[in-house]
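Peer 1:
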């Protein structure tokens, strides 16, 4: 999903607006998920739900993030934090709702439900006011030569390792003797705290005026410390505590991706800078999961 940034950038070069990209991505992703209703084997789902739906959801996700970063200047971190807090809402609520949907309606009915939810991209895209077309001041090669951008790419290359912690956390909980229900509850707590932390980081950056670089570095240090602390968690209260702390630090780093790119390159070059960052993060997700294994 995150690897589609360069494709969105290509669409932008043909004068496609953020609104058009979001609506197109939402429509095709909903249609692809609807096609999964008719799938009779897993191989077809790889194409319809995995490749097609994932790709076009990524297109809408990328364009939605960048346009929010372009709309705001003084309170950009707060705006991006609020926009991306929906990730936490999904982690908190949708896991349980989709599980119940599978129980009552089966996989086919759940695909219909997800397809309907993806149509909300069309509503969101329609609400996105097109920005004035301006000529970008920097070429792609100039963006990649920027020392600040190079450092940011290196930082988020290692940042993706934190995603593996969340990916394997429910299995870790069961492995130390907790129930599956407690593992699921831990992830719901993570989603709720993750949602709030993305708003809090905006308040810290834009209202209290803590430098964004300080917030990023302290958050990365906190993620590393809590990841190490999980090895000593053998009871549910400690799991909840470490998960909550990890969610706070992890949530801080999410809105800062867009904000730091716009701070380094300027709003006019936000799409050009955010594109390789998302591509690198997406590819690193694949590498990290292979390294960590089962």
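Residue numbers (the working numbering): 484 to 777.
Just so you know, even glycine gets a beta-carbon here, dropped at the ideal spot from N, CA and C.
As the structure is a prediction and not an experimental result, all values here were calculated from the model.
1. For residue 775, collect the residues of the same chain with a Cβ closer than 6 Å to its Cβ; drop the 5 residues on either side in sequence, then sort them by chain order.
2. For residue 516, which residues from the same chain have a beta carbon less than 8 Å from its beta carbon, with the 5 sequence-adjacent residues on both sides left out?
3. Given a threshold of 16 other Cβ atoms within 10 Å of its Cβ, counted over all protein chains shown, does residue 663 qualify as buried or as exposed?
4. Compare the Cα-Cα distances from residue 607 to each of 543, 708, 691 and report the closest residue.
5. Return the CA-CA distance between residue 521 and residue 749, expressed in angstroms with no decimal places.
6. Quick one, which of 529, 737, 559 has its alpha-carbon nearest residue 638's?
7. Are residue 560 and residue 756 touching if we call contact CB-CB under 8 Å?
8. Answer yes or no: do residue 706 and residue 732 have a C-beta to C-beta separation smaller than 8 Å?
9. Quick check: what's the CA-CA separation for residue 635 versus residue 744?
10. Have a look at residue 665 and residue 630 and give me their C-alpha separation to the nearest angstrom.
11. Should the stretch 543–557 be called in touch with the stretch 718–725, which here means at least 3 C-beta pairs below 8 Å?
12. Under the rule that 16 or more other beta-carbon atoms within 10 Å means buried, what is residue 811, buried or exposed?
13. Taking C-alpha atoms, which residue in 583, 499, 604, 502 lies nearest to residue 513?
14. Just the C-alpha distance for residue 709 and residue 499, rounded to the nearest angstrom, thanks.
15. Got a sec, what are the start and stop residues for the alpha helix (DSSP H) residue 554 sits in?
16. Is DSSP giving residue 752 helix, strand or coil here?
17. Can you tell me whether DSSP reads residue 578 as helix, strand or coil?
18. Starting from the C-beta of residue 572, find all residues in its chain whose C-beta is less than 6 Å away, skip the five residues before and the five after it, and write them out in chain order.
19. Can you give the beta carbon distance from residue 730 to residue 680, rounded, assuming they're within the 8 Å contact cut?
20. Apart from the five residues just before and just after residue 585, which ones in its own chain have a Cβ nearer than 6 Å to its Cβ?
21. Does the beta-carbon distance from residue 670 to residue 699 come in below 8 Å?
22. Would you list, in sequence order, the uninterrupted alpha helix (DSSP H) runs of no fewer than 4 residues that lie entirely inside the stretch 689–757?
23. Residue 714: buried (16+ other C-beta within 10 angstroms of its C-beta) or exposed?
24. With a CB to CB cut of under 7 Å and the five nearest residues on each side skipped, what residues in its chain are close to residue 487?
25. From which residue to which residue does the alpha helix (DSSP H) around residue 560 run?
Peer 2: With the structure as the only source:
1. Closer than 6 Å at Cβ, skipping near neighbours: 647.
2. The beta carbon of residue 516 sits closer than 8 Å to the beta carbons of 531, 532, 536, 594, 597, 598, 601 from its chain, once the five residues preceding and following it are set aside; these are given in chain order.
3. By the Cβ-count criterion, residue 663 is exposed, with fewer than 16 other Cβ atoms from all chains shown falling within 10 Å of its own Cβ.
4. For residue 607, the closest alpha carbon among the candidates 543, 708, 691 is that of 543.
5. Residue 521 and residue 749: Cα-Cα distance of roughly 46 Å.
6. Taking each of 529, 737, 559 in turn and checking the Cα distance to residue 638, the smallest one comes out for 737.
7. No, the pair does not count as a contact, with Cβ atoms beyond the cut-off.
8. In this structure, residue 732 lies closer than 8 Å to residue 706 by Cβ.
9. When rounded, the separation of the alpha-carbon atoms in residue 635 and residue 744 is 8 Å.
10. Their Cα atoms are separated by approximately 45 Å.
11. No, they do not touch.
12. Given a span of 484 to 777 for the chain in the structure shown, any question on residue 811 remains unanswerable.
13. Considering only alpha carbons, the answer is 604.
14. Going by the C-alpha atoms only, they are around 42 Å apart.
15. 537–554 is the extent of the alpha helix (DSSP H) around residue 554.
16. Residue 752: helix per DSSP, three-state reduction.
17. Three-state DSSP puts residue 578 in a helix.
18. Setting aside the 5 residues that flank it on each side, residue 572 is surrounded in the same chain by 678, each with a C-beta closer than 6 Å to its C-beta; the list follows chain order.
19. So it is a contact: roughly 6 Å between Cβ atoms.
20. Closer than 6 Å at the Cβ level, and outside the excluded window around residue 585, lie 593.
21. No; because the gap between Cβ atoms is not below 8 Å, this pair is not in contact.
22. Within the stretch 689–757, the complete alpha helix (DSSP H) segments of 4 residues or longer fall at 695–712, 719–748, listed in chain order.
23. By the neighbour-count rule (16 or more Cβ atoms within 10 Å), residue 714 is not buried but exposed.
24. Within the same chain, Cβ atoms closer than 7 Å to the Cβ of residue 487 are found at 538, 541, 542, 545, the five residues on either side in sequence being excluded.
25. That run of the alpha helix (DSSP H) goes 559–567.
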